[in-house]
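**Student:** Got a structure for you, written out below as structure tokens; questions coming shortly.
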């Protein structure tokens with residue numbers, strides 16, 4: 010029997026920004042360390058570097074990858090761009106023009122950071138763990 014444990018508001022806001030993240034959230038989820046910058050630096054072009062960096066921050070903060078970069082608050086875009094010394098954030102419009110770019114970047118991020126999709130067997134393992142508590 011399925012159990013609804015999220016409110017309608019929580020369900021609708023999952024994987025979306027509900028406002029500008031505060032300074033603490035920016036520092037915690039969107040700060041890029043040297044290892045991040047090295048990984049991001051392997052991408053060609055400012056648009057790809059900015060796009061993959063934003064995807065890294067979004068998956069850390071939201072728990073999912075975004076398909077529409079226009080939904081990222083401007084404060085987040087500027088915070089990431091400053092760290093990468095990208096002065097013209099309008100280059101982000103070029104990100105993902107090739108259909109496979111976002112999917113390939115998501116796969117690269119998952120592989121590099123050892124992120125897993127929340128699917129079997131992980132859902133089963135978590136459910137089993139929660140039932141034992």
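Residue numbers (our numbering): 10 to 142.
The beta-carbon is built from N, C-alpha and C at its ideal position, and this holds for glycine as well.
Please read all numbers here as calculations on a predicted model, not as lab measurements.
1. Go through its chain and collect everything with a Cβ distance to residue 74's Cβ below 6 Å, but skip five positions before and after it.
2. If we ignore side chains and look at the alpha-carbon of each, how far apart do residue 10 and residue 140 end up?
3. Is residue 90 buried or exposed, if buried means 16 or more other CB atoms sit within 10 Å of its CB?
4. Given this structure, state the Cα-to-Cα distance separating residue 42 from residue 58, to the nearest angstrom.
5. Between 121, 136 and 130, which lies nearest to residue 46 when the distance is taken from Cα to Cα?
6. Let's see if you can read the secondary structure: which residues bound the alpha helix (DSSP H) around residue 35?
7. State whether the stretch 130–139 contacts the stretch 102–109, with contact taken as three or more CB pairs (one from each stretch) at a distance under 8 Å.
8. Tell me whether residue 45 sits in a helix, a strand or coil according to DSSP, three-state version.
9. So the alpha helix (DSSP H) residue 26 belongs to, where does it begin and stop?
10. Please report how far the alpha carbon of residue 60 lies from the alpha carbon of residue 107, in whole angstroms.
11. Assign residue 35 to buried or exposed, taking buried as 16 or more other Cβ atoms, counted over all protein chains shown, within 10 Å of its Cβ.
12. In whole angstroms, give me the CA-to-CA distance for residue 77 and residue 26.
13. Taking residue 117 as the reference, which of 40, 51, 38 and 95 has the closest Cα?
**Tutor:** On the basis of the supplied data:
1. Here residue 74 is taken as the residue at index 65 of the chain shown, counted from 1. So the list reads 64, 68 and 115, once near-sequence residues are dropped.
2. By one-based count along the chain shown, residue 10 stands at place 1. By one-based count along the chain shown, residue 140 stands at place 131. With a pLDDT of only 42 at residue 10, under the threshold of 50, the placement of this residue in the model should not be trusted; the figure read from the coordinates follows. One C-alpha to the other measures close to 15 Å.
3. As a position in the chain shown, residue 90 is number 81, starting the count at 1. It counts as buried.
4. For the purposes of this step, residue 42 is taken as the residue at position 33 of the chain shown. For the purposes of this step, residue 58 is taken as the residue at position 49 of the chain shown. Approximately 14 Å, taken between the alpha carbons.
5. As a first step, residue 46 must be located in the chain shown, where it is residue number 37. The shortest C-alpha separation from residue 46 is found at 121.
6. For the purposes of this step, residue 35 is taken as the residue at position 26 of the chain shown. Taken as a continuous stretch (DSSP letters only), the alpha helix (DSSP H) holding residue 35 covers 32–38.
7. no
8. To locate residue 45, count along the chain shown from 1; it is residue 36. Three-state result, residue 45: helix.
9. Working through the chain shown from its first residue, we reach residue 26 at position 17. Here residue 26 belongs to no alpha helix (DSSP H), and DSSP marks it neither H nor E.
10. Position 51 of the chain shown, counted from the first residue, corresponds to residue 60. Position 98 of the chain shown, counted from the first residue, corresponds to residue 107. Taking the straight line joining both Cα atoms gives about 13 Å.
11. One-based indexing of the chain shown puts residue 35 at position 26. With 16 or more Cβ atoms within 10 Å of its Cβ, residue 35 is classed as buried.
12. The residue given as residue 77 occupies position 68 in the chain shown. The residue given as residue 26 occupies position 17 in the chain shown. Each residue's Cα considered, the two are about 12 Å apart.
13. Locating residue 117 in the chain shown gives position 108, counting from the first residue. If we check each option's Cα against that of residue 117, 51 comes out closest.
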